[in-house]
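**Q** Mind the numbering: the sequence shown is residues 0 to 262 in numbering that gives the first Met the number 0, read in order.
All C-beta atoms in this analysis are idealised placements derived from N, C-alpha and C, irrespective of residue type, glycine included.
Since the structure is predicted, the reported quantities are computational estimates derived from the model, not experimental observations.
Have a look at the structure that comes next, please.
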Amino acid sequence: MTKPPISAAADPDEPADERQFFAPQKRRSVGTVPSPDGAAEAHYHGHRDRLRARYREHGEQALADYEILELILFRLIPRRDTKPIAKALIDRFGTLAGVFGAPLNLLNEVKGVGESVALDLKLIATATQRMLKSELRNKQVLSSWSAVIDYCHAAMAHETKEQFRILFLDKRNALIADEVQQQGTIDHTPVYPREVVKRALELSATALILVHNHPSGDPTPSRADIEMTKLIADAAKPLGITVHDHVIIGKDGHVSMKGLRLF
């Protein structure tokens with residue numbers, strides 16, 4: 000007796016015809032809702048258009064921090080509603096600067112932020128730092144002090160570990176090199192005056208600006224900070240190298256040790 004062909008009305012307990020798995024399937028986009036006429040439209044498309052229009056017509060003053068972040072995330076995550084992700088990032092890291100300064104592993108902990116999005120956010124942060132650093136090129140650094148602070152803040156304020164950075168200057172006080180000399184723990188960075196002076200001589204630098212960050216957020220100099228600065232200044236002076244300042248960067252501000260007359 001001939002077996003009847005398998006049809007859509009076959010017993011549900013029977014295994015399905017495997018050919019059905021390869022039939023064209025109508026795919027519904029993530030984050031969409033059906034429109035009345037049956038077409039699927041992303042419910043956030045109108046919101047994106049309105050946000051872009053507001054930015055175009057009124058500039059960044061018309062947008063909250065999370066909305067600026069949304070505009071960026073539109074390009075990074077085109078098929079999802081990015082408003083909840085932007086708000087979650089601001090809630091976690093406090094500010095736009097905090098978001099872009101956050102380490103990759105912490106960005107990845109935010110729901111909706113995968114590795115590629117986290118890398119893109121860090122790329123934007125790097126571009127910002129390079130732009131600020133370029134403002135110091137071929138300029139007398141001491142007459143562009145606000146640019147120095149902006150750059151150092153962007154580069155270091157949100158680091159989770161201490162960094163000791165040195166700006167090496169020539170006899171015109173123009174920037175020769177910017178180097179992270181040491182990296183330490185959350186509250187300590189070992190610095191060796193001999194190594195600092197040795198590197199200055201290698202670069203033919205005649206002046207230095209020392210910079211380090213306090214991950215705690217409070218830029219108040221410690222006793223160790225003051226003593227270390229005096230040691231470097233004393234070691235550099237006989238060789239004709241001047242320490243112009245030691246700047247401590249916190250999340251919400253900075254302190255100039257020269258300004259406080261601490262060395």
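Assuming Ile165 and Val195 are in contact, meaning their beta carbons sit under 8 Å apart, how far apart are those beta carbons, in whole angstroms?
**A** The C-beta distance from Ile165 to Val195 rounds to 7 Å, short enough to fall under 8 Å.
**Q** Have a look at Thr31 and Asp80 and give me their C-alpha separation to the nearest angstrom.
**A** With a pLDDT of 42 at Thr31, under the threshold of 50, the modelled position of this residue cannot be trusted; read the value that follows with caution. Rounded to the nearest angstrom, the two C-alpha atoms are 9 Å apart.
**Q** List the endpoints of the continuous alpha helix (DSSP H) containing Val98.
**A** In the DSSP assignment, Val98 falls within the unbroken alpha helix (DSSP H) covering Leu95 to Gly100.
**Q** Since Ser255 is in the beta strand (DSSP E), which residue starts that stretch and which ends it?
**A** Ser255 -> beta strand (DSSP E) spans Gly252 to Ser255.
**Q** Report the CB separation of Gln181 from Phe163 in whole angstroms; it is logged as a contact under 8 Å.
**A** Indeed, because the Cβ distance is near 4 Å, the residues count as touching under 8 Å.
**Q** Going by beta carbon distance, what residues of the same chain come within less than 6 Å of Lys82, once the five residues before and after it are set aside?
**A** Glu69
**Q** What is the rounded straight-line gap between the Cα of Ala223 and the Cα of Gly45?
**A** 56 Å
**Q** Select from Lys110, Ala52 and Ala154 the residue whose C-alpha is nearest the C-alpha of Met130.
**A** Ala154
**Q** Considering only the alpha carbon of each residue, which of His213, Ala232, Leu230 and His253 lies closest to Thr159?
**A** His213
**Q** Does the Cβ-Cβ distance between Leu62 and Arg49 come in under 8 Å?
**A** Result no, Cβ atoms of Leu62 and Arg49 do not sit closer than 8 Å.
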